[in-house]
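I have placed the structure first, in the form of structure tokens, so that the comments after it can refer back to it.
2 protein chains.
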Amino acid sequence: MDLEQLADALKALADPTRLKMVSLLNIRDCCICELVPLFGISQPAVSKHMSRLKTAGLVHETRKGMWVFYALDKERLAGIGLSLAHLPDMSGELRRLERQGLLVQCL
Amino acid sequence: MDLEQLADALKALADPTRLKMVSLLNIRDCCICELVPLFGISQPAVSKHMSRLKTAGLVHETRKGMWVFYALDKERLAGIGLSLAHLPDMSGELRRLERQGLLVQCL
DNA sequence: GTACATTATAATTATATGGTTATGTCCGGT
DNA sequence: ACCGGACATAACCATATAATTATAATGTAC
């Protein structure tokens, strides 16, 4: 996962409301109408948050009659955590700086 | 770490520029003047990004003569990754919904 | 087809974010 | 003391974000 994509995924998670939603979906799938009373916000607001999580690949939706159930993609979530633990190697960038004589030497 | 704090920490990371900065600091400590030529942005912009990371507890600074070197707090970064893997248990919220008869039953 | 329940989209608004330029602060060298 | 380099802060601007209300779209039941 490149840094642009990782930043997008983190942006989707970087909101207390969505983090709580993800934590709930970690227990079991939920539909919008169950989430609304748990948060102090309107139904469209909940819907938009789920849409954001869906775009980030963190949840998947399934229609069941009138309801749309959302399920957490646990592998995707774990993948984001792992990406933080395995950031790309930027040694090349530092070598490039060195070639240009821009590295600061002190001590 | 509660969800508000976790969201704040994730916000600090949820930017491609800052993610790249963190990746660089993962190799070695850097000062602002080294970072500026690596990003296409002004010195104050770099400074503000580092300030954001500092507020989130992700980096620490040390003055060395004219320069201010920034060091990545690797434990803090790892802690954020782990928090994603161990989200709080929200079973209580769901039980509360059930008591109120708001859980959707289908199939 | 009508009526109702659930969810999604549109339009709007207030605040947050990320960039800029200009200026202030701190340190080292002469 | 003064000047110049490195960094931080301030003021400003454009865009993104998260909420709202109003309205459309979808599905069930009669």
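First to last, the sequence lines map onto chains C and L. My numbering applies: residue 2 is where the first sequence begins, and numbers increase by one. My numbering applies: residue 2 is where the second sequence begins, and numbers increase by one. All residues carry an ideal CB built from backbone N, CA and C; glycine is no exception.
Cβ neighbours of residue i in the same chain (closer than 8 Å, five flanking residues each side left out)
{"i": "alanine 13 of chain C", "result": "Arg19, Arg53, Leu54, Thr56, Ala57 and Leu59"}
{"i": "glutamate 62 of chain C", "result": "Met51, Lys55, Val69, Phe70, Tyr71 and Ala72"}
{"i": "isoleucine 42 of chain L", "result": "Thr18"}
{"i": "serine 48 of chain L", "result": "Ile33"}
Chain C within 8 Å of residue i, Cβ atoms only
{"i": "leucine 104 of chain L", "result": "yes"}
{"i": "valine 1 of chain L", "result": "This structure does not reach residue 1 of chain L, given that chain L is present from 2 up to 108, and the question cannot be answered."}
{"i": "leucine 85 of chain L", "result": "yes"}
{"i": "glycine 41 of chain L", "result": "no"}
{"i": "aspartate 16 of chain L", "result": "yes"}
{"i": "alanine 8 of chain L", "result": "yes"}
{"i": "glutamate 99 of chain L", "result": "no"}
{"i": "glutamate 94 of chain L", "result": "yes"}
{"i": "glutamate 136 of chain L", "result": "Nothing can be reported for residue 136 of chain L, as the shown portion of chain L is limited to 2 through 108."}
{"i": "glutamate 1 of chain L", "result": "As shown, chain L starts at 2 and ends at 108. That puts residue 1 of chain L outside it, with no answer to give."}
{"i": "methionine 91 of chain L", "result": "yes"}
{"i": "leucine 54 of chain L", "result": "no"}
Simplified DSSP assignment, three categories, for residue i
{"i": "aspartate 23 of chain L", "result": "Inspection of the sequence shows that residue 23 of chain L is occupied by valine rather than by aspartate. In the structure shown, valine 23 of chain L sits in a helix (DSSP, three-state: H, G or I)."}
{"i": "alanine 15 of chain L", "result": "coil"}
{"i": "glutamine 106 of chain L", "result": "coil"}
{"i": "aspartate 3 of chain C", "result": "coil"}
{"i": "aspartate 9 of chain C", "result": "helix"}
Neighbourhood of residue i by C-beta, 7 Å cutoff - its chain only, sequence neighbours within 5 removed
{"i": "alanine 10 of chain L", "result": "Ala57 and Ile81"}
{"i": "aspartate 74 of chain L", "result": "Gly58, Leu59, Val60 and His61"}
Residue of the options minimising C-alpha distance to residue i
{"i": "glutamate 5 of chain L", "options": "C:Pro17, C:Leu7 and C:Lys49", "result": "C:Pro17"}
{"i": "arginine 29 of chain L", "options": "C:Glu94, C:Arg100 and C:Asp30", "result": "C:Glu94"}
{"i": "arginine 64 of chain L", "options": "L:Leu103, L:Leu26 and L:Cys31", "result": "L:Cys31"}
{"i": "leucine 25 of chain L", "options": "C:Ala86, C:Ser92 and C:Lys75", "result": "C:Ser92"}
{"i": "valine 105 of chain L", "options": "C:Glu35, C:Asp90, C:Gln101 and C:Gln106", "result": "C:Glu35"}
{"i": "asparagine 27 of chain C", "options": "C:Arg97, C:Lys49 and C:Leu78", "result": "C:Leu78"}
{"i": "methionine 67 of chain L", "options": "L:Arg97, L:Glu76 and L:Ile33", "result": "L:Ile33"}
{"i": "glutamine 101 of chain C", "options": "L:Ser48, L:Leu39, L:Cys107 and L:Arg100", "result": "L:Leu39"}
{"i": "aspartate 90 of chain C", "options": "L:Lys21, L:Asp90 and L:Ala8", "result": "L:Lys21"}
{"i": "valine 23 of chain C", "options": "L:Leu88, L:Ala15 and L:Cys107", "result": "L:Leu88"}
Chain L contact for residue i (CB, 8 Å cutoff)
{"i": "glutamate 5 of chain C", "result": "yes"}
{"i": "lysine 12 of chain C", "result": "yes"}
{"i": "leucine 59 of chain C", "result": "no"}
{"i": "arginine 79 of chain C", "result": "A small fix is needed here, since residue 79 of chain C is alanine in this sequence, not arginine. Yes, alanine 79 of chain C lies at the interface with chain L (some Cβ there is under 8 Å from its Cβ)."}
{"i": "methionine 51 of chain C", "result": "no"}
{"i": "proline 38 of chain C", "result": "yes"}
{"i": "proline 45 of chain C", "result": "no"}
Cβ shell of residue i (< 6 Å), same chain only, five flanking positions each side left out
{"i": "glutamine 44 of chain C", "result": "Val37"}
{"i": "methionine 2 of chain C", "result": "Ser84"}
{"i": "leucine 7 of chain C", "result": "Ser84"}
{"i": "leucine 98 of chain L", "result": "Leu104"}
Residue i Cβ short of 7 Å to the ligand GDP heavy atom set
{"i": "leucine 73 of chain C", "result": "The ligand GDP is not part of the structure shown, which contains no ligands of any sort."}
Exercise for review: Return the chain-ordered ranges of every alpha helix (DSSP H) run that is complete within the segment 32-100 of chain C and spans a minimum of 4 residues.
Suggested key: 33-36, 44-56, 75-86 and 92-100
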